[in-house]
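Trainee: Sharing a structure here in structure tokens format.
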Amino acid sequence: MAEIIDTRTEPDRAIERACTVLSEGEPVAIPTETVYGLAADASNPDAISRIYEMKGRPRFNPLICHVSDMTMAEAHVTFDPISRRLAEAFWPGPLTLILPQRRESAVHALASAGLDTLGIRMPDGFSRQVIARFGRPLAAPSANTSGKISPTSAAHVQADLGSRLKLILDAGPSEIGLESTIIKVEDGALRLLRPGGLDAAEIEKLTAREVLRPESAGSTIEAPGMLASHYAPGAAVRLNAEDVRAGEALIRFGGRPLPGESGATIVLDLSPGGNLREAAANLFDYMKQADASGARTIAFGHVPEEGLGEAIIDRLQRAAAPRA
1 MAEIIDTRTE
11 PDRAIERACT
21 VLSEGEPVAI
31 PTETVYGLAA
41 DASNPDAISR
51 IYEMKGRPRF
61 NPLICHVSDM
71 TMAEAHVTFD
81 PISRRLAEAF
91 WPGPLTLILP
101 QRRESAVHAL
111 ASAGLDTLGI
121 RMPDGFSRQV
131 IARFGRPLAA
141 PSANTSGKIS
151 PTSAAHVQAD
161 LGSRLKLILD
171 AGPSEIGLES
181 TIIKVEDGAL
191 RLLRPGGLDA
201 AEIEKLTARE
211 VLRPESAGST
221 IEAPGMLASH
231 YAPGAAVRLN
241 AEDVRAGEAL
251 IRFGGRPLPG
261 ESGATIVLDL
271 SPGGNLREAA
281 ANLFDYMKQA
291 DASGARTIAF
301 GHVPEEGLGE
311 AIIDRLQRAA
321 APRA
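Sequential numbering from 1 applies to the sequence shown in full-length UniProt numbering.
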């Protein structure tokens, strides 16, 4: 199994060991404020290939590159004025921008799935220190088998990919618990390619522009998280449940009990007090707990659509989608 280093008690050793493994062309599981990422040198095609192989990820599904500061970002992508304003306002943080890749960028085409654009973000927390020390961008999708529930703790990563990884950095539970929001600016219009940990309403408030939702976007895979079936547990998923069937697991919201829940294999509440930020942070962990309960189906109660509820519902709809 993978070596685990606690970044809270051994930060220096964690950084040095991570940089050593990354320099060997091997992926490292790193903590971010969104979810745990499977990070590798974005300029090394062999290292990037190992990400795809380890996850079983389709190679037409591009990776997000993570940078430590604006200087590193500007070496690889070209910012338009709106995207720069978004970066200055929300980085470091849970926002990914899709931007034209510079011709001189060392990020390999495998990371961008051959597109002429690159998904890039500046994470908050310990991972940023690792990137700064390593000195190059890290391609880092979520550290889980492709299409499955994203990990929000080192234990989640160890249970899924631990036998194939050399190193996992443990910084405790992810603060946000949802992947980053992905935005692409085209001809001055803001397109939401994936809702996530940054509420789109905050972007609209800053820019005084409407953010066009995924329905307004095309079907081309331009960014991670755009596959129809994604974030899926082993069990089937039933949404907007008004009752609970015998043997189902229940994940509800807002402290609202449902008829029949006494017969559920497990009952979890994303936020008894109705806090969507708390619900987002708990979502993937609770999905894993419900999946481990032995239930054939996980029933989800209603979740409001406003704020971070938009990103939560996006994940649930993809988890419930027909699977290949």
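Glycine is no exception: its CB is placed at the ideal position from the N, C-alpha and C atoms.
1. Which stretch, first to last residue, makes up the beta strand (DSSP E) that contains residue 206?
2. Quick check: residue 82 and residue 188, are their CB atoms within less than 8 Å of each other?
3. Using a Cβ-Cβ cut-off of 7 Å (strictly less than) and excluding sequence neighbours within five positions of residue 261, which residues of its own chain qualify?
4. Drop a sphere of 10 angstroms on the beta-carbon of residue 39, count the other beta-carbons inside from all chains shown, and report buried for 16 or more, exposed for fewer.
5. Starting from residue 283, follow the alpha helix (DSSP H) in both directions and report where the run begins and ends.
6. How should residue 96 be labelled, buried or exposed, when 16 other C-beta atoms within 10 angstroms of its C-beta is the threshold for buried?
7. Using 8 Å as the Cβ pair cut-off and three pairs as the minimum, do the stretch 10 to 27 and the stretch 159 to 170 touch?
8. I'd like the ranges of any beta strand (DSSP E) spanning at least 3 consecutive residues and lying wholly in the stretch 28 to 54.
9. Just tell me which of 120, 273, 292, 312 has its CA closest to the CA of residue 280.
10. If you measure between the beta carbons of residue 130 and residue 65, is that distance less than 8 Å?
11. Determine the burial state of residue 7: buried for a count of at least 16 other Cβ atoms within 10 Å of its Cβ, exposed for fewer.
12. Pairing CB atoms from the stretch 52 to 69 with CB atoms from the stretch 130 to 144, are three or more of them under 8 Å?
13. What first and last residue would you give for the alpha helix (DSSP H) that runs through residue 86?
14. Hey, residue 193 and residue 98 are a contact pair by Cβ (cut 8 Å); roughly how many whole angstroms apart?
15. Using the beta-carbon count (16 or more within 10 Å), is residue 13 buried or exposed?
16. Determine the extent of the alpha helix (DSSP H) in which residue 309 is found, giving its start and end residues.
17. Going straight from the alpha carbon of residue 118 to that of residue 73, what length do you get?
Mentor: Per the coordinate set shown:
1. Residue 206 sits at position 206 when you count from the first residue of the sequence shown. That residue, residue 206, is in no beta strand (DSSP E); its alpha helix (DSSP H) goes 200 to 207.
2. Looking up residue 82 in the sequence shown gives position 82. Looking up residue 188 in the sequence shown gives position 188. Annotated as proximal: residue 82 and residue 188, with beta-carbon spacing under 8 Å.
3. Position 261 of the sequence shown holds residue 261. If we look at residue 261 and ignore the five residues flanking it on each side, its Cβ neighbours are 244, 250, 267.
4. For the purposes of this step, residue 39 is identified with residue 39 of the sequence shown, where counting begins at 1. Buried, by the Cβ-count rule.
5. Here residue 283 is taken as the residue at index 283 of the sequence shown, counted from 1. Per DSSP, residue 283 belongs to the alpha helix (DSSP H) from 276 to 291.
6. As a position in the sequence shown, residue 96 is number 96, starting the count at 1. The residue is buried, with at least 16 neighbouring Cβ atoms inside 10 Å.
7. yes
8. 28 to 30, 37 to 41
9. Along the sequence shown, read from residue 1 onward, the residue named residue 280 stands at position 280. Minimum Cα distance to residue 280 is reached at 312.
10. Against the sequence shown, residue 130 aligns to sequence position 130. Against the sequence shown, residue 65 aligns to sequence position 65. No, the pair does not count as a contact, with Cβ atoms beyond the cut-off.
11. Position 7 of the sequence shown holds residue 7. Buried is the call here.
12. yes
13. Translated into the one-based positions of the sequence shown, residue 86 becomes position 86. Looking at the DSSP string, the run of the alpha helix (DSSP H) that includes residue 86 is 81 to 90.
14. Counted from its first residue, the sequence shown places residue 193 at position 193. Counted from its first residue, the sequence shown places residue 98 at position 98. Right, their Cβ atoms sit about 7 Å apart.
15. As a first step, residue 13 must be located in the sequence shown, where it is residue number 13. So residue 13 counts as exposed.
16. Start at 1 with the first residue of the sequence shown, and residue 309 comes out as number 309. It spans 309 to 320 - the alpha helix (DSSP H) in which residue 309 sits, taken as one unbroken run.
17. Taking the sequence shown and counting its residues from 1, one reaches residue 118 at position 118. Taking the sequence shown and counting its residues from 1, one reaches residue 73 at position 73. Each residue's alpha carbon lies about 10 Å from the other.
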